[in-house]
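The sequence shown maps to residues 732 to 1138 in the numbering used here. Glycine included, C-beta positions come from ideal geometry on N, C-alpha and C. Working notes, structure below.
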Amino acid sequence: MIPATRSELARFLRTETVGGSVLLIAAAIAVVWANSPLVDSYISLRDWKVGPSEIGPIPLHLNLDLGTWAKDGLLAVFFFVAGLELKRELVVGELADRKKALLPIIAALGGVLVPAVIAAVVGAGAPGMNQGGWAIPVATDIAFALGVLALTGSRIPASARVFLLSLAVVDDLLAIILIALLFTASIAMLWLLTAVACLVVYWFAQQRRITTPFLYVPLALLTWYSVHEAGVHATLAGVALGLLTRVRTDPGEQEAPATRLEHRIQPWSAGFCVPMFALFASGVPINGQVLGELFTNRISLAIILGLLVGKTVGIFGISWLAIRLGIATKPRLLGFRDMFALSMLGAIGFTVSLLVADLALAGVGESEAEIAKAAVLVTSLAASLIGSALLLRRGRVHQARAAATDS
């Protein structure tokens, strides 16, 4: 590709609305494809295995299907970029103030606890719900939530994205911990310690101002592989590496490593990694029978109420209480109505919820699993539409205020 054209494409993909559009288009293609007469080709592509299972006598366990590569590999790149952004906000940005940093953490805790309680109560006794099914609505799909915000919240103050990003990262970290505790038969401690050792070396190299990619690229790959082999969701490696990257510039430095890496990797994340993840993760089969049972089946009701009511009430309610009690500070230029709209985007559980549904309902039956997945998809779509409508309305309010101030 001609350098000038490549540069223009990278600049194009760095635009938030472009990344969000590509993501949602990929998801829509997956849903249509998975519910069309060509569904077999979709399944064949998603389940096509690539990668080495061994090198000589050494087992690698990397002969994975494309869906798993997208979920564990490509999404780790997105989480790395998210980790870089979060680190910057924590050190030199909106969240440098302790009370401001506390708010998304508290909101994430509310967004995990309230949906879990609602799902456990509504789905009590239903197949799979007592074996971890209550955890299906606890996660926020960070990629989709930020994509919707980029498309519909462009007139909302920038602090909205910081709040949603940090909330979703903490939320997903809690979800990853739950997945490890509930559905991982055993964690390979040697590999986990290897991952920790790699992270320590990465941190030390950052502190020593080492810049060569010949150290960082193999180190990042080994960290990812170690987390994968440990039996923990491999995206954890991405966010950990991002959070350990230096964000302050040294004398004589034009830009900090975090800024430089984000500038280079973000177009790949937005233009390839996240859309491919959406393409392979969003192909949920939906038919008339499944839709007919959505509001009568206890599993689907637990998921719908857990996501749509639990996430919104948990995130917004706990945030409102923390701000009123003086424990945390409201994000700059945001009102409570803005925060309610963002809380609705937190109800987009989608891919992480689909993963938990797969794990929790694996031994229950295919029909129950399909209903659960349809409930996740429909509820996430509803949360996207409601959140978008609220954000567009709030955007007009902020625009009117800005116009009044300028005049």
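When secondary structure is reduced to three states using DSSP, D981 falls in the coil class, being assigned neither helix nor strand.
Burial check for T1136: the Cβ neighbour count within 10 Å stays below 16, so the residue is exposed.
Taking all protein chains shown into account, I910 has 16 or more neighbouring C-beta atoms within 10 Å of its C-beta and is therefore buried.
A Cβ-Cβ distance of about 19 Å is found for the pair G750 and G1126, leaving them out of contact under the 8 Å criterion.
The shortest C-alpha to C-alpha distance from V1107 to any of A876, F1003, R1068, T1082 is the one to T1082.
Contact annotation: G969 and V808 have beta-carbon atoms nearer than 8 Å. Per DSSP, the unbroken alpha helix (DSSP H) holding Q997 starts and ends at 988-999.
Two segments are said to touch when three or more pairs of C-beta atoms, one from each, lie closer than 8 Å; by this definition the region 897-917 does not touch the region 948-959. The C-alpha of T990 lies about 20 Å from the C-alpha of V932. Shown here for L769: not one same chain residue has a beta carbon closer than 6 Å to its own, the five before and five after excluded.
Residues of the same chain with a CB within less than 8 Å of the CB of F1026, apart from the 5 flanking positions on each side, are L1032, I1035 in chain order.
Rounded to whole angstroms, the separation of the alpha carbons of L1052 and L972 is 33 Å. About 15 Å separates the beta carbons of I1046 and L877, which is beyond the 8 Å limit, so they are not a contact pair. Under a 10 Å Cβ-count criterion, R892 is classified as buried, with 16 or more other Cβ atoms of the shown protein chains found around its own Cβ.
In its chain, beyond the 5 residues on either side, I1049, S1050, A1053, I1058, A1059 have a beta carbon closer than 8 Å to the beta carbon of I837. Taking C-beta atoms under 8 Å as the contact rule, V1087 and I873 fail to qualify, at a distance of about 15 Å.
Shortest Cα-Cα distance from G1080 to any of E1024, L1064, V1040, Q862 involves V1040. With a 10 Å radius around the Cβ and a threshold of 16 neighbouring Cβ atoms, V879 comes out buried. By DSSP's assignment, P790 forms a beta bridge with E785.
Taken through DSSP and simplified to helix, strand or coil, D803 comes out as helix.
The alpha-carbon separation between A761 and A1078 amounts to approximately 21 Å.
Here the alpha carbons of K831 and K1061 stand approximately 7 Å from one another. A check of alpha carbon separations from S1000 across I756, L806, N766, T954 identifies L806 as the nearest.
In the three-state scheme derived from DSSP, where H, G and I count as helix and E and B as strand, D796 is classed as strand. From the listed residues D778, K818, E816, G787, the smallest Cα separation to W800 is found for D778. Straight-line spacing of the CA atoms in A1113 and L1122 works out to 14 Å.
Distance from the CA of G1066 to the CA of L1076, rounded to the nearest whole angstrom, comes to 16 Å.
Counted as a single uninterrupted DSSP element, the alpha helix (DSSP H) harbouring M920 occupies residues 920-938. Contact between K818 and L974 holds: their C-beta atoms lie close to 5 Å from each other, under 8 Å. The residue among W764, K802, V753 with its C-alpha nearest the C-alpha of H964 is K802. Nearest in C-alpha terms to V781, of all of R940, L797, S772, L921, is L797.
Membership of M1007 in the alpha helix (DSSP H) is indicated by the continuous run 1005-1012. Inclusion of G854 and G842 in the CB contact set at 8 Å is not warranted, their separation being larger than that value.
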